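Below: one structure, written as structure tokens.
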Amino acid sequence: MKPISLEEAVALIPNGASVMVGGFMGVGTPERLLDELVRQHKTELTLICNDGAVPGRGVGKLFDAALVSTLTASHIGLNPKVQQQMMAKQVSVDLVPQGTLVERIRAGGCGLGGVLTPTGVGTMVEEGKQQIKLNGKTYLLETALRSDFALIHAFLADYLGNLTYALTARNFNPVMAMAADTVIVTAEHVVPVGVIAPDHVATPAPLVDYLVANG
Amino acid sequence: MDPQTLIARRVALELRSGYLVNLGIGIPTLVANYVPAGLNVFFQSENGLIGTGPIPEQGMAHPLLTDAGGRPISALPGASTFDSAMSFGLIRGGHVDMTVLGGLQVDADGHLANWMIPGKMVPGMGGAMDLVAGAKRVIVAMQHAAKGKSKIVRKCNLPLTSSRPVDLVVTDLAVIGFPGGRITLLETAPGVRVAEVLAVTEADLMIPTEVPEMKI
Numbered sequence: 000m001k002p003i004s005l006e007e008a009v010a011l012i013p014n015g016a017s018v019m020v021g022g023f024m025g026v027g028t029p030e031r032l033l034d035e036l037v038r039q040h041k042t043e044l045t046l047i048c049n050d051g052a053v054p055g056r057g058v059g060k061l062f063d064a065a066l067v068s069t070l071t072a073s074h075i076g077l078n079p080k081v082q083q084q085m086m087a088k089q090v091s092v093d094l095v096p097q098g099t100l101v102e103r104i105r106a107g108g109c110g111l112g113g114v115l116t117p118t119g120v121g122t123m124v125e126e127g128k129q130q131i132k133l134n135g136k137t138y139l140l141e142t143a144l145r146s147d148f149a150l151i152h153a154f155l156a157d158y159l160g161n162l163t164y165a166l167t168a169r170n171f172n173p174v175m176a177m178a179a180d181t182v183i184v185t186a187e188h189v190v191p192v193g194v195i196a197p198d199h200v201a202t203p204a205p206l207v208d209y210l211v212a213n214g
Numbered sequence: 000m001d002p003q004t005l006i007a008r009r010v011a012l013e014l015r016s017g018y019l020v021n022l023g024i025g026i027p028t029l030v031a032n033y034v035p036a037g038l039n040v041f042f043q044s045e046n047g048l049i050g051t052g053p054i055p056e057q058g059m060a061h062p063l064l065t066d067a068g069g070r071p072i073s074a075l076p077g078a079s080t081f082d083s084a085m086s087f088g089l090i091r092g093g094h095v096d097m098t099v100l101g102g103l104q105v106d107a108d109g110h111l112a113n114w115m116i117p118g119k120m121v122p123g124m125g126g127a128m129d130l131v132a133g134a135k136r137v138i139v140a141m142q143h144a145a146k147g148k149s150k151i152v153r154k155c156n157l158p159l160t161s162s163r164p165v166d167l168v169v170t171d172l173a174v175i176g177f178p179g180g181r182i183t184l185l186e187t188a189p190g191v192r193v194a195e196v197l198a199v200t201e202a203d204l205m206i207p208t209e210v211p212e213m214k215i
């Protein structure tokens, strides 16, 4: 893990990069990194996250600034801007069932080619996908997802990069921290090594490439 | 009693002690307000919490503790938190005893459509497809009709949420089930006659000789 300034961290991300962003309706989202993406005006982003949040909050800010060209998410119903940009074909949206989305990311981070899930069989979600029958049950083959960058928000990060999360701000964060080439983390508190007990580490330090300095 | 309260109170009678339950947004959320006394139920919020409690008092909200809509909630003693992979492992893995979801249409085969209206409303399925695929019991809580049009239809013309049929539908007029795979009128709402239910139901309901009133 390398400590890094907010400006330098976002400067690593080129236009057109694929970016996973942790958070659920803007809870557990690295807001400072998103603000800086807007300030540096990184465009044509391929965004993978649970939802479209709401305007002005979480990944909603990226849509306010029209920085996203492709979105993979499970729910966009609470952000009318995402829907407008989808209808106007400014953003290409791939809607994925939430459990399938997180498993595809988990597979991407765990060296699996994909997963077999019963979710989506017999619905629009099955279109174009291979179906596999096992023990009389039908599954869809859902392929793994990875990205160039994962932007993660932790509750505690120690000086080595070990992370813990708080309450419902955990959500997609630990899963995404496994599934990107470069992992950039912001944390509510940066603490000395040892403050986080080994049993409480949710994301081990070697997974973290950059920890953004606070303040 | 307003229709939403009636539906929520009737659905709450389906709860059993020890159940792990996931409530969808809208009318289903209200079910938590009517848990029968003495019943110990665990409510899951799919953003990563078992043991959701009521909306916190003023000044007691925590920004990192919300429901799946991003609104502040509380956690009850004995609550647990986890990531989204665990949350949906619980849902898809058959560990959730009962889910209550809103609906746009339910058809005679028990198929539910509740996640999009093509060309009009594309919010996304969120966790609904996983919940219907994986929960042990699926209950739909919705108004019987919308703008005079029956939501209990012969065949859904909106995109389906799952090929797995739901187990029970509770509306402001009736309780509908699928014994033996046949769509059947099980109960009527207080003061509602069978003929009134049939008048606003597109699907051909089986009518048993005795159709009791909901016991609210």
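Keeping their order, the protein sequence lines are chains A and B. For the first sequence, numbering that gives the first Met the number 0 begins at 0 and goes up steadily by one. For the second sequence, numbering that gives the first Met the number 0 begins at 0 and goes up steadily by one. C-beta atoms are modelled at their ideal positions from N, C-alpha and C, and glycine is treated no differently. All of these numbers come straight from a predicted model, not from anything done at the bench.
query	result
Minimum Cβ-Cβ distance from Gly126 (chain B) to chain A less than 9 Å	yes
Whether Ile72 (chain B) touches Ile54 (chain B) by CB criterion (9 Å)	yes
The ligand NAP heavy atom lying under 8 Å from the CB of Gln57 (chain B)	Only the bare structure without any ligand can be found here, which leaves the ligand NAP out of the picture.
Buried versus exposed, by CB contacts within 10 Å (16 or more), Lys154 (chain B)	exposed
Inter-residue CB distance, Ile90 (chain B) and Glu45 (chain B) (contact presumed, cutoff 8 Å)	7 Å
Residue-chain proximity (Ile75 (chain A), chain B), Cβ-Cβ < 9 Å	yes
CB contact check: Gly119 (chain A) to chain B, cutoff 9 Å	yes
Residue-level contact to chain B via CB, Asp50 (chain A), 9 Å cutoff	yes
Partners in chain B for Asn213 (chain A), counting only beta-carbon separations shorter than 7 Å	Here the premise fails: no neighbours, minimum Cβ distance about 17 Å.
Best match in A:Leu133, A:Ala179, A:Ile183 for proximity to Gly160 (chain A) [C-alpha to C-alpha]	A:Ile183
Proximity test, Cβ basis, 9 Å: Arg31 (chain A) and chain B	no
Sequence-distant residues of the same chain with beta carbon closer than 8 Å to Arg181 (chain B), five excluded per side	Met205
Inter-residue Cα distance where the pair is Leu155 (chain A) and Leu210 (chain A)	11 Å
The stretch 1 to 9 of chain B touching the stretch 186 to 197 of chain A, judged by at least three CB pairs closer than 8 Å	no
Pairwise C-alpha distance: Phe23 (chain A) and Met0 (chain A)	25 Å
Proximity of Met177 (chain A) and Gly21 (chain A) at Cβ, strictly below 9 Å	no
Residues of its chain near Ala64 (chain A), where Cβ-Cβ distance is below 6 Å and the 5 sequence neighbours each way are ignored	Val37
Helix, strand or coil at Phe171 (chain A) according to DSSP, with G and I counted as helix	coil
Cβ neighbours of Asp147 (chain A) in the same chain (closer than 6 Å, five flanking residues each side left out)	Ala16, Ser17, Asp180
Test item: CB-CB of Ile24 (chain B) and Val105 (chain B) under 9 Å	no
When A:Gly55, A:Ala201, A:Ser73 are compared against Trp114 (chain B), the one with the closest alpha-carbon	A:Ser73
Identity of the residue in A:Glu35, A:Gly121, A:Pro79 nearest Ser162 (chain B) by Cα	A:Gly121
Secondary structure, alpha helix (DSSP H): runs of 4+ residues fully inside the stretch 42 to 109 of chain A	59 to 63, 79 to 86, 97 to 108
Residues near Lys150 (chain B) in its chain [Cβ-Cβ closer than 8 Å; skip 5 each side]	Gly102, Leu103, Gln104, Val105, Met141, Gln142, His143, Ala144, Thr170
Backbone CA spacing between Thr200 (chain B) and Pro207 (chain B) [nearest angstrom]	16 Å
Element boundaries [beta strand (DSSP E), containing Val189 (chain A)]	179 to 190
Chain B within 9 Å of Leu94 (chain A), Cβ atoms only	yes
Within chain B, partners of Thr122 (chain A) - CB distance below 8 Å	Met128, Pro158, Leu159, Thr160, Ser161, Ser162
Delimiting residues of the alpha helix (DSSP H) encompassing Gly22 (chain A)	Counting along the chain, Gly22 (chain A) falls outside any alpha helix (DSSP H), and DSSP gives it neither H nor E.
Bounding residues of the alpha helix (DSSP H) (the contiguous stretch that carries Leu89 (chain B))	83 to 91
Per-residue burial, Leu140 (chain A) [other beta carbons within 10 Å of its own, 16 or more giving buried]	exposed
Chain B within 9 Å of Glu102 (chain A), Cβ atoms only	yes
Ranges of the beta strand (DSSP E) found wholly within the stretch 100 to 125 of chain B, counting only runs of at least 3	104 to 106
Chain A residues whose Cβ lies nearer than 8 Å to that of His61 (chain B)	Leu166
Residues within the stretch 32 to 51 of chain B neighbouring chain A, beta-carbon criterion of under 9 Å	Ser44, Glu45, Asn46, Gly47, Leu48
Three-state secondary structure (DSSP) of Thr142 (chain A)	strand
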